[in-house]
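The opening position of the sequence shown corresponds to residue 1485 in the working numbering, with each subsequent residue numbered one higher.
Glycine included, each C-beta is placed from N, C-alpha and C at the ideal position.
Note that the coordinates shown come from a computational prediction; the quantities given were computed from them, not determined experimentally.
Here is the structure we will look at.
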Amino acid sequence: MSSKYQDPSNKDVIIEAIKNSPILGKLEKIIDKYFPDWIKTSTPVFSSDYLFMEKNWKNFCAEHKTTPKRIVIVEFLSLDSDHEVIQILWDILTKMGFCVRSEDELTLCKNCRCALPTERYYRALGLSAPEKYMNVCTDCSSPNHSK
Ligand SMILES: [Zn+2]
Ligand SMILES: [Zn+2]
């Protein structure tokens, strides 16, 4: 997995292309070409069970004078020096208003596709609400939900 996302040999050319034209359509072409499996899925909202995640994202966007776009779940993220292209893509997309997180951290509700932390991330964060981890959101798991 790590080698799949390692910087290609022409990384300087790619980084220059990314930085010279941080336009979504062009970034998508670069991602399709070099890291076609990177983006797994996306969704517009977090589960209402994790409003603090939505709030953090919105605050970040406000600080960077942009509007929230979509939550994008990717196969891999790394901060080490072999993955500079992935880091730059992450940085630019994040500042454009996308919430880019790895599939180790976020998943989607099986029913309504709102974003939820994975069980591992829920534990890593030491969350206590919702009381018990579920891979569906509370709205969908309550017996009388209206969705
Ligand atoms: Zn939901
Ligand atoms: Zn749901």
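Nearest residue (CA-CA) to residue i, options the options
| i | options | result |
| --- | --- | --- |
| D1623 | C1545, Y1534, T1551 and I1576 | Y1534 |
| R1597 | E1568, S1531 and L1508 | S1531 |
| D1521 | I1499, T1527, E1512 and P1528 | E1512 |
| C1545 | P1601, K1579, D1588 and A1613 | K1579 |
| W1574 | L1508, P1601 and V1497 | L1508 |
| F1582 | R1554, S1626 and K1539 | R1554 |
| S1626 | D1491, P1601, N1595 and S1493 | N1595 |
| V1497 | S1487, T1550 and Y1518 | Y1518 |
| C1689 | S1526, P1492 and D1564 | This structure does not reach residue 1689, given that the chain is present from 1485 up to 1631, and the question cannot be answered. |
| D1491 | H1548, I1515, K1549 and K1510 | I1515 |
| R1604 | D1588, E1538, K1616 and A1613 | D1588 |
| I1499 | V1556, S1487, I1572 and P1552 | I1572 |
| Y1606 | T1550, E1547, F1536 and K1549 | F1536 |
Proximity test, residue i beta-carbon vs ligand 2 heavy atom, cut-off 7 Å
| i | result |
| --- | --- |
| D1623 | yes |
| N1619 | no |
| C1583 | no |
| C1595 | It should be noted that the sequence gives Asn, not Cys, for residue 1595. Checking the Cβ of N1595 against ligand 2 gives yes. |
Rounded Cβ spacing between residue i and residue j (contact assumed at less than 8 Å)
| i | j | result |
| --- | --- | --- |
| I1502 | I1570 | I1502 to I1570, Cβ: 11 Å. No contact. |
| A1599 | V1529 | 7 Å |
| V1688 | V1620 | Residue coverage of the chain in this structure runs from 1485 to 1631, which leaves residue 1688 outside it and unanswerable. |
| S1586 | L1563 | Actually they do not touch by this definition, with Cβ atoms about 11 Å apart. |
Ligand 1 heavy atom lying under 7 Å from the CB of residue i
| i | result |
| --- | --- |
| S1493 | no |
| S1531 | yes |
| C1545 | no |
Output the residue ranges of the beta strand (DSSP E) runs that lie fully inside the segment 1516 to 1594 and measure 3 residues or longer, sorted by chain position. 1523 to 1527, 1555 to 1558, 1583 to 1586 and 1590 to 1592
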